[in-house]
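Data block below; observations after.
In my numbering, the protein residues as written are 29 to 380.
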């Protein structure tokens, strides 16, 4: 925090560091009156009260005079702050320093005498909705995790080498969704083809071993720190996708996780109702919501139909080709600046 001189009703108090600001806030929350202190010393860090030489003299109350109530003191201080041009200048100075305002919210309420009338710093709401597979992490990691689980299962059942089975599955070149790797592995090692449905279920519903990429985690933290509301909207069976979300540890990073197959009619993406549901859950207008996904049909077309701002994620490129998105995301670290520019452009366009 920058150095700032805070004018009190009595004198000026200099807060040279964030430590002083936090100490001042602590005493303000406890209800004590702030004292003028020319310098904050390290030796005073353990003391909850100022030295005797720096305490303000107490005003003696006349005998028999009732003690004023809290409400009367607040109304008196509020009227005094409205009359005093000096305190009005203090309020203007405080409102022009957002960093200091966030550091001393309660201290300012006591110093100015305007309890409960602090000025909030309005911030326009914005949101980013992510796809899951090949957007927040590479989908190939989930496939390899499933193939490793299948190899371990076959090794326990047949006595073959787990490493040999995994190598066969990983280097198979057939389609992933039809269980081509599994069929080729069974044929190569002379195993019955009747095991295929069981292995497909084992591949899909295994407990995945996944980790969120460092760049993805850093960008999500940066977006949350900037006030963005974050959500995840994913297709696929809810049980499988929930296992991925739990394995990646996305709960601390996002506000809402939506499983498209369980929203509305259950048709999933690109149904615009899924995206509209996410906007309602995040309490953000669709025009200020950025959708990041890798699929041109499911993510980009669905977001455009819902009136959102689509961004094509090409970090883990699996679907090359032309895109109708507002922008292409080649590096995940570019997302904060790109999303902010898109929302600002949309706001100017709607204002015009």
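C-beta atoms are modelled at their ideal positions from N, C-alpha and C, and glycine is treated no differently.
query: Under the three-state reduction of DSSP, which class applies to residue 259: helix, strand or coil?
result: strand
- [ ] Helix, strand or coil for residue 144, going by three-state DSSP, please let me know.
- [x] Reliability fails at residue 144, whose pLDDT of 35 lies under 50, so the model's placement of it is uncertain and the value that follows must be treated cautiously. The answer is coil: DSSP assigns residue 144 none of H, G, I, E or B.
Residue(s) in a DSSP beta bridge with residue 357 | 341
For this session: Give the secondary structure of residue 378 by DSSP, where H, G and I count as helix, E and B as strand, and everything else as coil.
Result: helix
| query | Given residue 231, which residues of its chain have a CB within under 6 Å of its CB, disregarding the five upstream and five downstream residues? | reply | 174, 178
Q. Helix or strand or just coil, what does DSSP make of residue 161?
A. strand
Inset, instruction - Give a yes or no on contact between the segment 339 to 346 and the segment 285 to 298, applying the rule of three or more CB pairs nearer than 8 Å. - result: no
Would you decide whether residue 220 is buried or exposed? Buried here means 16 or more other CB atoms lie within 10 Å of its CB. exposed
query = Is the segment 260 to 280 close to the segment 185 to 194, with three or more CB pairs under 8 Å?
reply = no
Review point. Nearest to residue 236 by CA position, among 273, 154, 345, 157, is which residue?
Key: 273
Are the Cβ atoms of residue 196 and residue 322 separated by less than 8 Å? no
Nearest-angstrom Cβ-Cβ length linking residue 284 and residue 310, presumed shorter than 8 Å = 6 Å
- Message: If we require 4 or more residues per run, which alpha helix (DSSP H) segments fall completely within the segment 212 to 247?
- Response: 224 to 232
Determine the direct distance from the alpha carbon of residue 299 to that of residue 369, and round the result to whole angstroms. 26 Å
Cut-off 7 Å between Cβ atoms - residues of its own chain near residue 335, not counting five sequence neighbours on either side: 314, 315
**Message:** Here's a check: name, in chain order, each residue in its chain whose Cβ is nearer than 7 Å to the Cβ of residue 243, leaving out the five neighbours to either side.
**Reply:** 360, 361
Notebook entry, point to check: How should residue 216 be labelled, buried or exposed, when 16 other C-beta atoms within 10 angstroms of its C-beta is the threshold for buried?
Noted result: exposed
Residues of its chain near residue 353, where Cβ-Cβ distance is below 6 Å and the 5 sequence neighbours each way are ignored:
328, 338, 339, 340
What are the start and end residues of the alpha helix (DSSP H) that includes residue 186?
167 to 186
Exercise for review: Enumerate in chain order the residues of its own chain whose CB-to-CB distance from residue 246 is below 8 Å, with the five nearest sequence positions on each side excluded.
Suggested key: 361
Rounded C-alpha distance that separates residue 182 from residue 213:
10 Å
query: When DSSP builds the beta bridges, which residues end up paired with residue 252?
result: DSSP, once it has assigned bridges, lists no residue as partnering residue 252.
Delimiting residues of the beta strand (DSSP E) encompassing residue 321:
317 to 321
**Distance CB(residue 382)-CB(residue 157) smaller than 8 Å** = This structure does not reach residue 382, given that the chain is present from 29 up to 380, and the question cannot be answered.
Practice task
Assign residue 317 to buried or exposed, taking buried as 16 or more other Cβ atoms, counted over all protein chains shown, within 10 Å of its Cβ.
Solution key: buried
| query | Cα separation between residue 208 and residue 218? | reply | 15 Å
Query - Residue interval of the beta strand (DSSP E) (run including residue 285) - result: 284 to 287
- Message: Quick check on residue 159: buried or exposed, where buried means 16 or more other Cβ atoms within 10 Å of its Cβ?
- Response: buried
Give the straight-line distance between the Cα atoms of residue 312 and residue 306, rounded to the nearest whole angstrom.
9 Å
Are the CB atoms of residue 248 and residue 276 within a distance shorter than 8 Å?
no
Which of helix, strand or coil does DSSP assign to residue 204?
In this prediction, residue 204 has a pLDDT of 49, which is less than 50 and means its spatial position is unreliable; what the coordinates show is noted afterwards. Here residue 204 sits in coil by DSSP.
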